[in-house]
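Okay, structure first, notes after.
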Amino acid sequence: MVATAPTKSVASFHIARGASAPDLAYFRQRYPETVTNLGVLPRREEWLRRIWELETHWQSVWETRGGEALTREVVVRGAPPAGREAEGEFDVIYAGGASALLHAATLACAHGRRVLVLCGGAQGSDGGNWNLSDEGLRGLESSGLFTREEVEASVLNRYRGGFVKFHDASSRVKAEPLWVSGSLDVAVDGGHVLALAAEKLRRHGPKGCAIIEGFRFVRAYVEPGRVTVEAEGAHEVRRFFASRLFVDAGGADSSVARQLNGGRAPSHVCTSVGTIARGFARGEGRDAADFGVGEILVSTEDASAHRQLLWEGFAGSPARGEYATRLFFYDSVESPADKSLLALFERYFE
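Every letter in the sequence shown is one number past the one before it in my numbering, and letter 56, counting from 1, is 254.
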């Protein structure tokens with residue numbers, strides 16, 4: 199199956215400071231295809247609002263392009279505020295998502311360390327289907343956290359191969375798809391893996407290990423011999439924890455990464471949208487989805503508007519008939535290309 203997306207101009211996205219998510223009429227006027235396609239889902243307005251919230255974060259990233267850097271200091275040398283004692287002591291405190299939970303659970307269960315994981319969202323929100331190689335899958339087993347049976351139980355699908363195909367309609371040189379083996383050829387239930395890691399951490403980790411949901415990292419106070427971590431929950435509730443080591447797993451644009459980068463945004467980004475859907479015709483034809491093949495990298499048109507759009511498609515569980523399709527592009531934050539997620543979703547659904 200190869201997706202197509204004819205070129206269409208979408209108005210550039212801009213958020214006024216302090217703005218709240220607009221109503222459905224606004225979305226329907228500017229992004230009609232997106233609203234129509236999300237209309238088959240329950241709580242359509244909630245999904246649109248969540249995409250909007252991601253957009254507001256994106257724009258805060260864009261605003262540092264060649265301009266004033268964000269100077270908020272989150273790693274501080276010195277003691278925490280007076281009167282704010284740590285309510286718990288740990289070997290390691292993690293802030294972040296899936297990678298933090300997997301690493302923390304391994305350190306606790308395989309090496310006996312007392313760990314704390316701060317999850318800004320709900321545990322498992324970084325789940326979904328993951329695509330990796332068999333070699334990567336074996337890494338989950340060799341870490342000492344999972345047994346072979348547990349790893350295999352998380353596998354949704356295995357592909358006989360995958361391919362890369364670039365658009366060549368405008369080129370005199372034509373090429374068949376490039377077939378690849380041993381890369382992204384296993385689909386894994388990420389939510390199942392994370393839930394199992396969390397269960398193991400709580401049941402088999404040293405006494406005192408914890409996962410705290412709904413609290414995001416705010417600041418780290420670094421002193422000789424220990425670091426105190428400040429976290430914020432709903433209604434600006436603050437909690438303090440101490441450890442020998444703090445690990446930031448919040449990604450390339452975390453507040454810690456920003457500070458280390460002089461307040462600047464990452465130099466490059468990958469803007470990406472996609473869905474998991476059912477009901478595709480199955481087969482090996484151009485207009486069918488082959489559940490035994492991974493579409494690793496496919497372009498269906500030439501580069502335009504300062505970007506090259508790329509597609510990928512991977513089947514999940516054949517029994518459930520789920521197929522994940524993603525549209526994305528790699529870009530410098532300095533480029534004038536439109537990086538709006540809503541605009542890219544509109545292209546996706548055309």
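From the three backbone atoms N, C-alpha and C, an ideal C-beta is built for every residue, glycine too.
Keep in mind it's a predicted model, so treat the numbers as computed, not measured.
- When rounded, the separation of the alpha-carbon atoms in Ala396 and Leu443 is 20 Å.
- Cβ atoms of Leu316 and Tyr292 come within 8 Å of each other, at about 7 Å.
- Around the beta carbon of Leu335, 16 or more other beta carbons lie within 10 angstroms, which makes this residue buried.
- For Thr234, the enclosing alpha helix (DSSP H) begins and ends at Pro230 to Leu236.
- For Thr254, the secondary structure class from DSSP, reduced to helix, strand or coil, is helix.
- For Ala513, the enclosing beta strand (DSSP E) has its first and last residue at Leu508 to Ala513.
- When DSSP states are grouped into helix, strand and coil, Phe364 belongs to the coil group.
- If you draw a straight line from the Cα of Val471 to the Cα of Arg356, it comes to about 23 Å.
- Taking the CA atoms as reference points, Gly318 sits about 21 Å from Ala306.
- Inter-residue distance for Glu333 and Thr469 is about 27 Å (C-alpha atoms, whole angstroms).
- For Glu348, the enclosing alpha helix (DSSP H) covers residues Arg346 to Ala351.
- Under the 8 Å Cβ criterion, the stretch 529-546 counts as touching the stretch 217-237, having at least three qualifying pairs.
- For the alpha helix (DSSP H) assignment, the uninterrupted runs of no fewer than 4 residues enclosed by the stretch 378-461 are, from N- to C-terminal side, 388-402 and 453-458.
- In the DSSP assignment, His466 falls within the unbroken beta strand (DSSP E) covering His466 to Ala475.
- Between Leu300 and Val391, the CB-CB gap stays under 9 Å.
- Of the residues assessed, Gly294 falls on the buried side of the cut-off, its CB having 16 or more other CB atoms within 10 angstroms.
- Taking 9 Å as the cut-off, the beta carbon of Ala440 is found closer than this to the beta carbon of Val425.
- Looking at the backbone, the Cα of Leu343 and that of Gly310 are separated by about 12 Å.
- Contact between Ser497 and Phe364 holds: CB atoms are separated by about 5 Å, below the 8 Å threshold.
- If you draw a 10 Å sphere on the C-beta of Tyr546, you find 16 or more other C-beta atoms in it, and that means buried.
- A check of alpha carbon separations from Trp509 across Ala501, Phe527 and Ser515 identifies Phe527 as the nearest.
- Under the three-state reduction of DSSP, Tyr224 is assigned to helix.
- Excluding five sequence positions before and after Pro404, the CB atoms of its chain that fall closer than 8 Å to its own CB belong to Ala306, Gly310, Arg311 and Arg312, given in chain order.
- Taking 9 Å as the cut-off, the Cβ atoms of Arg247 and Ala219 count as close.
- Cβ contact annotation for Arg346 (same chain, cutoff 6 Å, sequence separation greater than five): Glu339, in chain order.
- Judged by beta-carbon spacing, Ala373 lies beyond the 9 Å limit of Asn327, meaning their Cβ atoms are not closer than that value.
- Residue environment for Asp485: exposed (fewer than 16 other C-beta atoms within 10 angstroms of its C-beta).
- Within 10 angstroms of the beta-carbon of Tyr224 lie fewer than 16 other beta-carbons, which makes it exposed.
- By the Cβ-count criterion, Glu350 is exposed, with fewer than 16 other Cβ atoms from all chains shown falling within 10 Å of its own Cβ.
- Selection Ala298, Ser453, His433 and Val491 evaluated against His255 yields Ser453 as nearest (Cα-Cα).
- For Leu316, the secondary structure class from DSSP, reduced to helix, strand or coil, is strand.
- About 25 Å separates the CB atoms of Ala455 and His504; that is not less than 8 Å, and the two are not in contact.
- Straight across, the Cα-Cα distance linking Arg437 with Glu287 is about 13 Å.
- Here Val290 is not near Gln457, since their CB atoms are 9 Å or more apart.
- Per DSSP, Phe547 lies in no beta strand (DSSP E) segment; the continuous alpha helix (DSSP H) that holds it begins and ends at Leu539 to Phe547.
- Beta-bridge pairing by DSSP links Leu376 to Val362.
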